[in-house]
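Student: One structure follows; several queries about it will come next.
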Amino acid sequence: MKKIIYIITAVFFCMAGFVHGAEHQPLDELKVPMEKAISILKDPQYQKQKEAQREKIWEIVNQTFDFKAISMRTLAKNWKLFSDKQKEEFTSVFTELLKNTYIDKIQGEFHNEEIIFTGQDIISSTKARVNTKILREKIEIPMDYSMSLSNDKWMIYDVNIEGVSLVKNYRNQFKEILAKETPAQLIQRLKEKNEKHEQDRIKEQD
Amino acid sequence: MKKKIYIIVGTLTFVLFGIVLFPGLSFSSSEDDEYAAIMEELEEEDKGSETYSVSDPLYYWNKAMFHVNDKLYFWAMKPVASGYKTITPTIVRSGIKNFFYNLGTPVRFVSCLLQGKSEAAGTELGRFMINTTFGVLGFGDLSYLDPKLTPPPDEDFGQTLGIWGIGNGIYLVWPVLGPSTLRDSIGAFSDSFLSPVTYTEPLSVSAGITAFDQINSLSFRLGDYETLKGAALEPYEAFRNAYIQYRVQKIKD
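In order, the protein sequences belong to chains L and S. Take any residue in the first sequence, count from 1 to its spot, add 9: that is its number in my numbering. Take any residue in the second sequence, count from 1 to its spot, add 15: that is its number in my numbering.
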């Protein structure tokens with residue numbers, strides 16, 4: 010009898026520990042996927058298999074970026090204009106746009122850039138900013154990641170390149186577009202952009 | 016007694032299942048919570064003094080100039096910079112970059128003083144002395160010798176005016192020079208009096224030196240313009256916003 014209660018209590022404490030006790034450092038949590046992505050970029054095995062490399066990097070990016078939060082933040086007040094279905098659709102096409110742009114960029118132009126982690130600002134128990142520098146040839150490009158803790162994992166919700174926030178930049182564009190067009194039209198424009206990008210990519214590979 | 020245990024175990028199992036299933040069941044409401052939290056945070060941000068919008072009464076002129084500069088980039092600057100990059104070793108380009116950076120010391124030094132950043136001004140002066148002499152006219156950067164000589168953030172007169180409380184004024188896109196604002200244009204014009212290149216005679220040589228500096232800098236940044244443009248739905252608006260954000264950040268540090 011007592012044994013069972015002990016076991017149950019122990020299980021409970023374990024679970025509590027699992028949920029609340031884990032104290033991760035955002036910097037460390039970002040470092041792991043970043044280093045993994047760089048090793049994939051450098052891996053000679055992928056030099057001829059760009060598509061496989063792209064998928065591998067995407068897998069990592071997908072686990073590190075909170076695309077839902079990024080979508081909410083870029084639409085801000087306008088998020089409420091979207092129906093539930095449109096919210097989902099927007100998140101998916103906008104994610105696709107970001108994926109296209111940035112994976113192409115790092116895949117196409119990776120020349121042994123180095124990423125230096127310079128520090129982290131813990132803003133609150135669930136918000137932090139990780140500072141990095143990209144070392145390209147002889148120049149340094151400051152790149153900061155805004156991260157938030159959700160479900161016990163630090164996820165990126167904004168990227169700052171030389172002080173320019175990606176989310177704020179898109180928020181400004183979407184605000185101007187939505188002042189004149191409907192959510193459906195914005196989604197349509199994103200879709201068209203993605204399709205064109207896909208065609209260009211296929212053309213380039215041939 | 017045994018019955019009691021069953022009840023306890025049963026209840027606990029139920030509770031545990033509830034914990035596991037709960038996030039799944041309440042998916043939509045947790046999304047609403049997340050959204051509410053984000054909006055609260057954004058409103059808090061909006062209350063801050065910095066604003067990222069800029070008035071753009073010269074929209075049509077600016078947009079035309081944006082297209083001119085875009086063509087200039089793809090037809091002239093980019094091919095020249097790419098060719099230059101292929102034939103010039105990194106170490107040479109980096110030396111030239113250092114040389115021009117060193118020439119910019121008077122602008123940064125004076126701006127540091129005007130902003131009351133005496134420590135940064137001291138660093139600028141120290142860097143200038145060491146890099147001009149031991150660094151051979153600034154081609155070498157000896158800041159690695161002493162962490163105290165790490166370059167402080169770039170300052171210019173536009174930022175000084177910003178710190179003095181002068182707003183952006185209107186947004187302006189200059190042919191060749193690119194995005195600016197009324198305040199930053201006045202700043203850049205004032206700064207030009209502190210640049211040795213301005214006093215080079217004749218004017219064509221002075222312009223040539225400036226162009227060379229631009230091409231050399233661009234050789235390190237090839238591809239970045241294309242990425243930002245390619246990522247945008249509204250490229251003109253994207254660059255305008257990026258410029259304003261960039262300057263706000265510069266004024267802050």
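We put the beta carbon where it would ideally sit given N, CA and C, even for glycine.
Going along chain L, which residues have a C-beta under 7 Å from lysine 244 of chain S?
Tutor: In chain order: nothing, as chain L lies at least about 10 Å away.
Student: Taking the straight line between their C-alpha atoms, what separation do you get for lysine 267 of chain S and glutamine 174 of chain S?
Tutor: In a straight line, the C-alpha of lysine 267 of chain S is about 9 Å away from that of glutamine 174 of chain S.
Student: Out of L:Arg145, L:Pro192, L:Ile115, point me to the one whose CA is closest to glutamate 123 of chain L's CA.
Tutor: Comparing Cα positions, the closest option is L:Arg145.
Student: How far does the alpha helix (DSSP H) with tryptophan 67 of chain L in it reach, from first residue to last?
Tutor: 59-73 is the span of the alpha helix (DSSP H), which, as asked, contains tryptophan 67 of chain L.
Student: List the DSSP bridge partners of valine 188 of chain S.
Tutor: In DSSP, valine 188 of chain S forms a bridge with S:Pro194.
Student: Quick one, are the C-beta atoms of asparagine 183 of chain S and asparagine 146 of chain S less than 9 Å apart?
Tutor: Their beta carbons are not under 9 Å apart, which means asparagine 183 of chain S does not touch asparagine 146 of chain S by this criterion.
Student: Which same chain residues end up closer than 8 Å to tyrosine 88 of chain S when comparing Cβ atoms and leaving out the 5 residues on each side of it in sequence?
Tutor: Correct list, in chain order: Tyr240.
Student: Can you tell me where the beta strand (DSSP E) holding phenylalanine 126 of chain L begins and where it ends?
Tutor: Per DSSP, phenylalanine 126 of chain L belongs to the beta strand (DSSP E) from 123-133.
Student: Tell me whether lysine 19 of chain S sits in a helix, a strand or coil according to DSSP, three-state version.
Tutor: In the structure shown, lysine 19 of chain S sits in a helix (DSSP, three-state: H, G or I).
Student: Could you compute how far the alpha carbon of glutamate 38 of chain L sits from the alpha carbon of valine 125 of chain S?
Tutor: Using only the alpha carbons, I get a separation of about 42 Å.
Student: What are the partner residues of tryptophan 163 of chain L, as DSSP defines its beta bridges?
Tutor: For tryptophan 163 of chain L, which the question treats as bridged, DSSP gives the partners L:Leu158.
Student: Does the beta carbon of glutamine 182 of chain L come closer than 9 Å to any beta carbon on chain S?
Tutor: With 9 Å as the cut-off, glutamine 182 of chain L counts as an interface residue toward chain S.
Student: Does the beta carbon of serine 101 of chain L sit closer than 9 Å to a beta carbon anywhere in chain S?
Tutor: Judged by the 9 Å Cβ criterion, serine 101 of chain L is not in contact with chain S.
Student: Could you list which residues in chain L have their beta carbon closer than 9 Å to that of threonine 105 of chain S, in chain order?
Tutor: Under the 9 Å cutoff, chain L gives Glu146, Lys147.
Student: What does DSSP give as the partner residue(s) for valine 173 of chain L in the beta ladder?
Tutor: Its beta-bridge partners are L:Ile170.
Student: Measure the CB-CB distance between serine 155 of chain L and arginine 138 of chain L and report whether it falls below 9 Å.
Tutor: Yes, Cβ-Cβ distance for serine 155 of chain L and arginine 138 of chain L is below 9 Å.
Student: Within 9 Å of any Cβ in chain S, is that where the Cβ of isoleucine 112 of chain L sits?
Tutor: Chain S contact via Cβ: absent.
Student: With a cut-off of 8 Å, do at least 3 Cβ pairs link the stretch 135-155 of chain S to the stretch 195-202 of chain S?
Tutor: In short, these stretches do not touch, since the Cβ pair count stays below three.
Student: Would you call glutamine 182 of chain L buried or exposed, if buried means 16 or more other Cβ atoms sit within 10 Å of its Cβ?
Tutor: Label assigned to glutamine 182 of chain L: buried.
Student: For tyrosine 258 of chain S, which residues in the same chain have their Cβ closer than 7 Å to its Cβ, ignoring the five residues on either side in sequence?
Tutor: The residues are Pro194.
Student: Residues of chain S with a CB under 9 Å from the CB of valine 41 of chain L: which are they?
Tutor: None at all; the shortest Cβ gap to chain S is about 24 Å.
Student: Arginine 198 of chain S CB to nearest chain L CB: under 9 Å?
Tutor: Output row for arginine 198 of chain S: interface = no.
Student: So if DSSP puts asparagine 231 of chain S in a beta bridge, which residue, or which two residues, is it bridged to?
Tutor: Paired residues: none, contrary to the question.
Student: Tell me which residues of the stretch 245-262 of chain S have at least one Cβ-Cβ distance to chain L shorter than 7 Å, keeping chain order.
Tutor: If the cut-off is 7 Å between Cβ atoms, the stretch 245-262 of chain S has Gly245, Ala246, Ala247, Leu248, Glu249, Glu252, Ala253, Asn256, Ala257, Gln260, Tyr261 near chain L.
Student: Classify valine 139 of chain L as helix, strand or coil using the three-state DSSP reduction.
Tutor: Strand.
Student: Verify whether the separation of the beta carbon atoms of tyrosine 8 of chain L and phenylalanine 74 of chain L is less than 9 Å.
Tutor: What is shown of chain L runs 10 to 215, which leaves residue 8 of chain L out entirely.
Student: Does DSSP put aspartate 71 of chain S in a helix, a strand or coil?
Tutor: It is coil, neither helix nor strand.
Student: I want to see whether chain L comes within less than 9 Å of glutamine 229 of chain S, judged by CB atoms only; does it?
Tutor: No, glutamine 229 of chain S does not count as interfacial toward chain L.
Student: Helix, strand or coil for glutamate 149 of chain L? Go by DSSP, reduced to three states.
Tutor: Glutamate 149 of chain L: strand per DSSP, three-state reduction.
Student: Is there contact between the stretch 96-106 of chain L and the stretch 199-207 of chain L, where contact requires at least three CB pairs shorter than 8 Å?
Tutor: As far as the Cβ criterion goes, the stretch 96-106 of chain L touches the stretch 199-207 of chain L, which means the pair count is three or higher.
Student: Going along the stretch 152-166 of chain S in order, which residues come within less than 7 Å of chain L, judged by CB to CB distance?
Tutor: Residues: none.
Student: Based on DSSP bridge pairs, tell me the residues matched to leucine 144 of chain L.
Tutor: The partner list for leucine 144 of chain L (beta bridge, DSSP) reads L:Glu123, L:Glu149.
Student: Since methionine 144 of chain S is in the alpha helix (DSSP H), which residue starts that stretch and which ends it?
Tutor: Methionine 144 of chain S -> alpha helix (DSSP H) spans 133-148.
Student: At a threshold of 8 Å, does phenylalanine 149 of chain S count as lining the ligand ADP (C-beta to nearest heavy atom)?
Tutor: This structure simply doesn't include the ligand ADP, nor any ligand for that matter.
Student: Check whether the stretch 160-180 of chain S and the stretch 203-214 of chain S are in contact - that is, three or more C-beta pairs closer than 8 Å.
Tutor: Touching, yes, given that three or more Cβ pairs across the two stretches are closer than 8 Å.
Student: Within 10 angstroms of its Cβ, does glutamate 58 of chain S collect 16 or more other Cβ (buried), or is it exposed?
Tutor: So glutamate 58 of chain S ends up on the exposed side.
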